[in-house]
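J.: Structure provided below as C-alpha cells; questions to follow.
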Ligand SMILES: Cc1cc2nc3c(=O)[nH]c(=O)nc-3n(C[C@H](O)[C@H](O)[C@H](O)COP(=O)(O)OP(=O)(O)OC[C@H]3O[C@@H](n4cnc5c(N)ncnc54)[C@H](O)[C@@H]3O)c2cc1C
Ligand SMILES: Cc1cc2nc3c(=O)[nH]c(=O)nc-3n(C[C@H](O)[C@H](O)[C@H](O)COP(=O)(O)OP(=O)(O)OC[C@H]3O[C@@H](n4cnc5c(N)ncnc54)[C@H](O)[C@@H]3O)c2cc1C
Ligand SMILES: Cc1cc2nc3c(=O)[nH]c(=O)nc-3n(C[C@H](O)[C@H](O)[C@H](O)COP(=O)(O)O)c2cc1C
Ligand SMILES: Cc1cc2nc3c(=O)[nH]c(=O)nc-3n(C[C@H](O)[C@H](O)[C@H](O)COP(=O)(O)O)c2cc1C
Ligand code: FES
Ligand code: FES
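Chains as they are written, first to last, in our numbering: chain E, 164 to 436; chain U, 164 to 436; chain P, 26 to 350; chain L, 26 to 350.
Spelled out as C-alpha cells, the structure:
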C-alpha cells in the first residue's frame, strides 16, 4: 500500500466551540494541526465521543466542513440519532477522538472553469470547504445552489455570502428563498447557461444525487458527487461501505471510504441507489 | 403485597451539587420532596444517569447519605467503575433518574440506648444519615468509629463533628487518626465498656461486617449490618441480590434489596460471606 | 383525536387486550411493580418460574452486567407451586390481566405433574413451559436443545391441562425451526422465543468466574438482533402464534418483533432497569398506531417488507452458493 | 524495570511472538492499518476471507450497529485467492508477523482446492478455515453447524496442505464441543472460537430489514459473554490449542479469554473502532505481566480458578437436578 496516499492520524482533540446554528444543526470547531494541514475538501473524519464507550460502538463519519486560521478544523452536523446527540452535548474543553483525513476529496475544476455546487441539507458540510478553497483560488467562477426543507433548517447563508459566492437558496416549502427543489434550479441554470460546460459538485440525499448524476450524464457534463454510506471503519478494512459500480467491471462495488466519498457521476450504478 | 410498605417512586431529579470531597469520593445533592419525605437511614436509591443509555445497562444502588432542609437528599459515592465515573462527570442542572426509597432501613435504638456506629470507607454513606437522625433525637448516646485506608480517603470529619458525635478515626497506614483497623477499635471499646449493652450499626466491606457480626454474636450483643449485593433491580423482582440466611429456615436466601439492606447480624450465614 | 386502535391479539387460545406481556423472572410474582403502575393494564403477566418443590436458587453472585447485557444465574429460585397457589395467587386476584405461570422441571414427569397441579386452579390463564432446564434423565442437556425431548415435554403438559400451553424455547440450538416444529406437532398452542443465551464472565483480578455458578444466561439489548432472527425463523417454521422477546427495551424494539411476525412480545430485563418499561411500551404502541393511522395492531404483525428490497439481488436469490456474510 | 515477559505462544505448529492476532475480515488484506502502527508487532495477521473465485459480496447496506454490537452481511467479498497471492501477498513481505489466510468454499472440494493452491505459497504461515458458510451440496446449512460436514472440510484441508490448519467454528450450534471434537479428530492443528452469531435488525419506518441481506452476523462487545462461554466449552472438549475471539476490545477482555484457556486471541470489530486496538492489547498484556510479575504469558492460560469458589455449593455439584439459571 502506498502509505503516502493515506497520511491519516488518530488524534484526541479538545473542542473549541460547539454551537447550535440552526434547527438541530451544530457547528463544531477544534484545533488540530495534524488534521488541518492535511485536509482537502470532500475528505472526512471518523469521530468517536468516548474512546471507552461501547454503545454507540462505531465511529461516525463527518465531512470536513472547513478550516479556520490553518490550525482549526470544523464539522457541521445534524442531530439524527444517538451518536450525533452525544456529540451535541459536548462543551468547550471536552475531548473527542478523530481519525482523518479520510477519503479522496474533490477533484478541483481546471483554471477558469465554471463550478456549480449543489448542496441539499447537510450536503453543505463538505461543499462549504470546497467553496472556501475555490473562492480563495480566485480563478474559478463558482455558483452555489443551496436547498433546505424549510427556513428553520437554513444555515450558513451569511458565511457563504462572506466568501463572495453567487448563491441561490431554495426551500421546499418556500419559507425562505425560492420555493422548490435545488435540483430543479440547477437544471434550469444548466439550460440557460447552455453555452458553457460547467462542472457540477453535488452533496445531499441519495435521491438528489441520483437525479443530478443521471441528468449530468445525459447532458454529458462532468459531475462529482459526494456519497454517504453506512461505515464500519472508514479505513478500508471492513468492506461495509459498498456502492455499486456502473458497468460490469473488475470491481463490482466501490468502497465509499476508500474509493470515495467523491465519485465521478458515471462511476456509480444509479439504478440501485 | 402491602403497597404502603414500599412507597417508592421514580423521579427524574436535577442535580444541585456534585463535589469531589475526597480522593475519588463525591458528594451529590438534589432536591426531591417525594424522596426526601419518605427517606429513612439505611434505605437506598437505584440511580440511572441516562434513561436512554443501554450501557451501562443496570441502575446502580446508593445509600441515602442524608437530608438537607427536608427537601434535598444527598448521596456519597466512590468512583470505582463506569457507572460511578459517569455520575461523577455530571454538573449542576444535569438530571438523573432515582428510584426510592428502597429497602428496610435501620431499626433505631431504644430511648437512652447506647449506639456504636462502625463505618469502613464508603460505609459512612448510610451511617451519616443515621447519625443525623440519632443526634437530632438527642436521647441516645452515640459513638462512631470511622476507618479509611489512608488520610487521602478521609471525608466528612468536620460535618460529623458538627453533628456533635463522639468520633474515633482510624487509618490503616496511620496517616491520620489512630493507626489500625476500625474493627479493633470497636472491639476494644466493647471490652472497656463492659458494663453497658450497646447496639452496633455497621456498614463497610464484607470482611469487616463479617468480623463485627461474628464478634457481636459471640458477645450476645445486638448488631445491625448494612449489606451490599450485586443488584439487578433493587425492587425485589429479579432475585439477584441473594445473601445466605443463617440456619436451615424456610428462606434459604434473603434478598438484600427487599429483606435488607439492613440485617440483624444473626440472620446471615457469615461462613459463606 | 381518532378512536383508540385495536391492540388485542390472540396468542393461541388466549386473547389478550394488548400484545405486551411481562416476562418470567423479571416481574416477580406479579404485583411487585404495582407501586409504579397498575399491572392490570398489561396484556398478560408471566410470573417467575415455578417448580414442584421450592428451590433455593444459586449462591451469589447471581448476576453480572456485561456490555448492553445482563448475565444471570439465579438458579430458578422459587417458592414452589404449592406456596404460589396457596399464598401468592389469591393476592393477585385484583389484577385484571391474565396471570400465566411459567413452569419447569428436571424430568418429563415433573412437567406433567406441574400441569396437573395447575389444571384446576382458577386465576391461572395459561401455562408457559420453560424447557431450558437440564434433563437429568438424559445427561443434563436442556430439554429444549433436542427436538424429541422438547416435544415430549410439550406433549405431556398439553395432555394434562386444558389451559393454553406456551412453550418457551432456548436459543442455544443449531436449528430452532426444528424444535419449534416438534413442539407445534406435540400440541403447543403457542411458542415464545427466546430464553437467555449461555454466557460467562471472568473477574481478571481474582481469576474467578464472576458468577458463582460460572455459567449464566444472557439477556438485554445485547441479544436483541439474535432474538429477532430466531423469532423470524420460528415464524417461518410454524403456524401457531409466536411470542417474541429478547432485549426489548421500548415500543420501537417491540415493533421490530411484531413486524417479523411475533403475535405478542414479552418484556424482561427492561423491567429491572425501568420499572415502567412494560406500560410505556403499551402506551408507545398506542401512540404509534394513532400516529400511523393503524386501526388494528394485527396489521403490523408480520408486515415486514422483504420483496423488492433491491433489484440486483433477485437474480442471486436462486444461487445458493452466495456467501451470506 | 524487570526483564520483558515472555509472550510467545504455540498455536498448534505455529509459534507466534505474542498471543494477539488480527481477525479475518477486520484487518483488510494486512497492511491497511500500517499508517497507525507497524503490523509486524502483532502475533499474526489473518487476512480477509478468500475464495477460489473473486466474490462481489452483498449489496448495501452491509452493516448496521446494534446495542454494543455490529451486525454485518458483507457477503465475504474478496478478490479471490489468485489475485491475493499474485497482487497483495508480495507487498506484505515486509511485514514480519506471520500472515494467515482465511479460506471458505461452498463445496468440500472448494476447500480442498483452496488448500492445494495455498500449499506451495511462501509467505502464508497457516490456513484458517471458515466453516460458517452454506454447504450448497447439502441444503445450504453452514458446514460448521454439523459435526460430520465440519470434519469433512477439516479433513480435506489437512490432507492438501502441510501448513498448520486452524478451523474456525460457528457459534450457531447446539453443542460446540461436539463440532470441536470432530474437527480435532479430522486433524486440525488448532481451533478458533468464535465466528459471528446470526442476527437481524428491522427498520421500523420502512418496515424493511436494515441489512439488504436480511440476516447478518453479530460481533463486538455484545457477544463477549457468549464467546467466552463457547471458548470454555471447546477448551474442555479438545486437547489442541484454542484461539479465542468475540468482542475483545482491550487487554482486559483478552485476559478473560486467556484465563478460560485460550492459547491466543483474535481482535476483530475492535480494529474498526480503534485502529490501534490490537497493538494496544499487546502493550496492555506486556504491562499487565510486568505489574503482576508474570514471567511467561502461558502462566495465565487456563489459570481460571473454579475450585472452592464457594463452600456451600460443593454438595450441590453432584446434583444434576440443580437448575442453572
Ligand atoms: C462520508 C460521510 C460524510 C458525512 N458527513 C456528514 C456531515 O458532515 N454532517 C452530518 O450531519 N452528517 C454527515 N454524515 C452522516 C452522519 O455520519 C450520520 O448522520 C451519523 O453517523 C448518524 O449517527 P447517529 O448515531 O446520530 O445516528 P444513528 O442513531 O446511528 O442513525 C440515525 C440515521 O443515521 C444513519 N447512520 C448511522 N450511522 C451511520 C454511518 N456510520 N454512516 C452513514 N449513515 C449512518 C442511520 O442509517 C440512520 O438512518 C456523513 C456520512 C458519511 C458516510
Ligand atoms: C444497597 C447498596 C448501597 C450502596 N451504597 C453505596 C454508597 O452509598 N456509596 C457508594 O460509593 N457505593 C455504594 N454501593 C456500591 C455501589 O452500588 C457500587 O460501587 C456501584 O454500583 C459500582 O458501579 P460502577 O458502574 O461504578 O462499577 P462497575 O464497573 O459496575 O463495577 C465496579 C465494582 O463495583 C461492583 N458493583 C457493580 N455494580 C454493582 C451493583 N449493582 N451492586 C453492588 N456492587 C456492584 C462490581 O462488582 C465491581 O466490583 C452500594 C451498594 C448497595 C448494594
Ligand atoms: C433475572 C432473570 C430471571 C429469569 N427467570 C426466568 C424464569 O424463571 N423462567 C423463564 O422461563 N425465563 C426466565 N428468564 C428469562 C426471561 O424471561 C427472558 O426470556 C430473557 O431474559 C430474555 O428477554 P429480555 O432480554 O427481555 O430479558 C429470566 C431472566 C432474567 C434476566
Ligand atoms: C466486517 C466483518 C467481516 C468479517 N469477515 C470475516 C471473514 O471474511 N472470514 C471469517 O472467518 N470471519 C469474518 N468475520 C468474523 C470475525 O473474524 C470474528 O470472528 C467476529 O467478528 C467475532 O469477533 P469480534 O467480536 O472481535 O469482531 C468478519 C467480521 C466482521 C465484523
Ligand atoms: S467503512 Fe469499512 S471499508 Fe469503508
Ligand atoms: S436486586 Fe433484584 S431482587 Fe434484589
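Glycine included, C-beta positions come from ideal geometry on N, C-alpha and C.
#1: Between residue 237/U and ligand 2, is there a pair consisting of the residue's CB and a ligand heavy atom that are separated by less than 7 Å?
#2: Against chain P, which members of the stretch 261–286 of chain L pass a CB distance test of less than 8 Å?
#3: For chain L, is any of its Cβ atoms less than 8 Å away from the one on residue 251/P?
#4: Does DSSP classify residue 189/E as helix, strand or coil?
#5: Using a Cβ cut-off of 8 Å, which residues of the stretch 213–229 of chain E contact any Cβ in chain L, in chain order?
#6: State yes or no: is the C-beta of residue 261/E within less than 8 Å of the C-beta of residue 176/E?
#7: Using only alpha-carbon positions, find the residue among 413/U, 294/U, 397/U and 401/U that is nearest to residue 424/U.
#8: At a cut-off of 7 Å, is residue 334/U close to ligand 3 when judged by its beta-carbon and the heavy atoms of the ligand?
#9: So, does the CB of residue 164/U fall closer than 8 Å to a CB anywhere in chain P?
#10: Exposed or buried, what is residue 126/P when buried is set at 16 or more other beta-carbons lying within 10 Å of its beta-carbon?
#11: Would you kindly work out how many angstroms separate the C-alpha atoms of residue 259/E and residue 221/E, rounded to a whole number?
#12: Would you call the stretch 351–370 of chain E in contact with the stretch 334–343 of chain E, where contact means no fewer than 3 C-beta pairs closer than 8 Å?
#13: With 16 other CB atoms within 10 Å as the buried threshold, where does residue 295/U fall?
#14: Heavy atom of ligand 5 less than 7 Å from the Cβ of residue 399/E, yes or no?
#15: Just to make sure I have the definition right: I need the residues of chain L whose C-beta is within less than 9 Å of the C-beta of residue 211/E. Which are they?
#16: For residue 220/P, count the other beta carbons within 10 Å of its own beta carbon; 16 or more makes it buried, fewer makes it exposed. Which is it?
#17: Counting pairs of beta carbons, one from the stretch 364–377 of chain U and one from the stretch 280–295 of chain U, are three or more of them closer than 8 Å?
#18: Got a sec: is the Cβ-Cβ distance from residue 345/L to anything in chain E below 8 Å?
#19: List, from N- to C-terminal side, the beta strand (DSSP E) runs of 3 residues or more that fit wholly inside the stretch 189–221 of chain U.
#20: Using a 10 Å radius around the Cβ and a threshold of 16 neighbouring Cβ atoms, would you call residue 281/L buried or exposed?
#21: Taking the DSSP output, what are the residues bridged to residue 97/P?
#22: For residue 78/P, would you say it is in contact with chain C, using Cβ-to-Cβ distances shorter than 8 Å as the test?
#23: Do residue 280/E and residue 311/E count as a contact pair if the criterion is CB distance below 8 Å?
#24: Which of the three DSSP states is assigned to residue 155/P in this structure?
#25: Let me see if you follow: with CB-CB separation under 8 Å, is residue 398/E close to chain L or not?
#26: If you reduce the DSSP assignment to three classes, tell me which class residue 54/P lands in.
#27: For residue 428/E, count the other beta carbons within 10 Å of its own beta carbon; 16 or more makes it buried, fewer makes it exposed. Which is it?
#28: What first and last residue would you give for the beta strand (DSSP E) that runs through residue 306/U?
#29: What residue range is occupied by the uninterrupted beta strand (DSSP E) comprising residue 425/U?
#30: Taking 8 Å as the threshold (C-beta atoms), are residue 64/P and residue 120/P in contact?
#31: Given a limit of 9 Å on CB to CB distance, which residues of the stretch 309–334 of chain L reach chain E?
#32: Assuming the contact rule is C-beta atoms closer than 8 Å, residue 289/P and residue 41/P should be a hit. Round their C-beta distance to whole Å, please.
#33: Excluding five sequence neighbours on each side, which residues of the same chain lie with their C-beta closer than 6 Å to the C-beta of residue 241/U?
#34: Just list the residues that DSSP pairs residue 234/L with in beta bridges.
#35: Any chance the CB of residue 246/E is under 7 Å from a heavy atom of ligand 1?
#36: Can you check DSSP and say which residues form a bridge with residue 241/E?
T.: Walking through what the data contain:
#1: Residue 237/U sits at position 74 when you count from the first residue of the second chain. Using a cutoff of 7 Å, the CB of residue 237/U does not count as near ligand 2, since none of the ligand's heavy atoms is closer than that.
#2: Considering only beta carbons, the part of the stretch 261–286 of chain L lying closer than 8 Å to chain P consists of 272, 277, 280, 281, 284 and 285, in chain order.
#3: Position 226 of the third chain, counting from 1, holds the residue named residue 251/P. Cβ-Cβ to chain L under 8 Å: yes for residue 251/P.
#4: Here residue 189/E corresponds to residue number 26 of the first chain, with the count starting at 1. Shown here, residue 189/E sits in a strand according to DSSP, grouped into three states.
#5: Answer set for the stretch 213–229 of chain E: 214, 217, 218, 219, 220, 221 and 222.
#6: For the purposes of this step, residue 261/E is taken as the residue at position 98 of the first chain. For the purposes of this step, residue 176/E is taken as the residue at position 13 of the first chain. Taking 8 Å as the cut-off, the Cβ atoms of residue 261/E and residue 176/E count as close.
#7: As a first step, residue 424/U is located in the second chain; it is residue number 261 there, counting from the start. Closest option to residue 424/U, Cα to Cα, is 397/U.
#8: For the purposes of this step, residue 334/U is identified with residue 171 of the second chain, where counting begins at 1. It does not: the Cβ of residue 334/U is nowhere closer than 7 Å to a heavy atom of ligand 3.
#9: As a first step, residue 164/U must be located in the second chain, where it is residue number 1. Model confidence at residue 164/U stands at a pLDDT of 40, short of 50, so the residue's coordinates are unreliable and nothing is read from them.
#10: By one-based count along the third chain, residue 126/P stands at place 101. Counting every other CB atom within 10 Å of its CB across the protein chains shown gives residue 126/P a total of 16 or more, marking it as buried.
#11: Counting from one through the first chain, the residue named residue 259/E turns up at place 96. Counting from one through the first chain, the residue named residue 221/E turns up at place 58. Going from the Cα of residue 259/E to the Cα of residue 221/E covers about 13 Å.
#12: In the pairwise beta carbon analysis, the stretch 351–370 of chain E is classified as not touching the stretch 334–343 of chain E: fewer than three pairs are separated by under 8 Å.
#13: Locating residue 295/U in the second chain gives position 132, where the first residue counts as 1. Buried, by the Cβ-count rule.
#14: Translated into the one-based positions of the first chain, residue 399/E becomes position 236. Yes, since a heavy atom of ligand 5 falls inside the 7 Å radius drawn around the Cβ of residue 399/E.
#15: For the purposes of this step, residue 211/E is taken as the residue at position 48 of the first chain. Those are 298 and 299, listed as they occur along chain L.
#16: As a working note, residue 220/P is residue 195 in the third chain. Buried: at least 16 other Cβ atoms inside 10 Å.
#17: At 8 Å Cβ cutoff, the stretches touch.
#18: Counted from its first residue, the fourth chain places residue 345/L at position 320. Because the pLDDT of residue 345/L is 40, which lies under 50, any placement of that residue in the model is unreliable, and the number read from its coordinates should be weighed accordingly. No, residue 345/L lies away from the interface with chain E (no Cβ there is under 8 Å from its Cβ).
#19: Taking only runs of at least 3 residues, the beta strand (DSSP E) segments lying wholly in the stretch 189–221 of chain U are 207–211.
#20: Stepping through the fourth chain from its first residue, residue 281/L is reached at position 256. Residue 281/L should be labelled buried.
#21: Counted from its first residue, the third chain places residue 97/P at position 72. DSSP, once it has assigned bridges, lists 88/P and 242/P as partnering residue 97/P.
#22: The chain labelled as chain C is not found among the protein chains of the depicted structure, namely E, U, P and L.
#23: Translated into positions along the first chain, residue 311/E becomes position 148. Translated into positions along the first chain, residue 280/E becomes position 117. Not closer than 8 Å, so no.
#24: Here residue 155/P refers to the residue found at position 130 of the third chain. Looking at residue 155/P - three-state DSSP - the assignment turns out to be strand.
#25: Along the first chain, one-based indexing puts residue 398/E at 235. For residue 398/E, the answer is yes, since a Cβ of chain L falls inside 8 Å of its Cβ.
#26: The residue labelled residue 54/P in the question sits at position 29 within the third chain. Shown here, residue 54/P sits in coil according to DSSP, grouped into three states, outside any helix or strand.
#27: For the purposes of this step, residue 428/E is taken as residue 265 along the first chain, with counting starting at 1. Buried, because 16 or more other Cβ atoms sit within 10 Å of the Cβ of residue 428/E.
#28: Taking the first residue of the second chain as position 1, residue 306/U is located at position 143. Where residue 306/U is concerned, the enclosing beta strand (DSSP E) starts and stops at 304–311.
#29: On the second chain, position 262 is the one that residue 425/U refers to. 425–427 is the span of the beta strand (DSSP E), which, as asked, contains residue 425/U.
#30: Here residue 120/P refers to the residue found at position 95 of the third chain. Here residue 64/P refers to the residue found at position 39 of the third chain. Cβ atoms of residue 120/P and residue 64/P: closer than 8 Å.
#31: Along the stretch 309–334 of chain L, there is no position whose C-beta sits under 9 Å from a C-beta of chain E.
#32: To locate residue 289/P, count along the third chain from 1; it is residue 264. To locate residue 41/P, count along the third chain from 1; it is residue 16. The C-beta distance from residue 289/P to residue 41/P rounds to 7 Å, short enough to fall under 8 Å.
#33: Counted from its first residue, the second chain places residue 241/U at position 78. Excluding positions up to five away in sequence, the list reads 187, 188 and 285.
#34: Within the fourth chain, numbered from 1, the residue matching residue 234/L stands at position 209. 227/L.
#35: Taking the first chain and counting its residues from 1, the one referred to as residue 246/E is at position 83. It does: the Cβ of residue 246/E is within 7 Å (strictly closer) of some heavy atom of ligand 1.
#36: Looking up residue 241/E in the first chain gives position 78. BP columns for residue 241/E point to 188/E.
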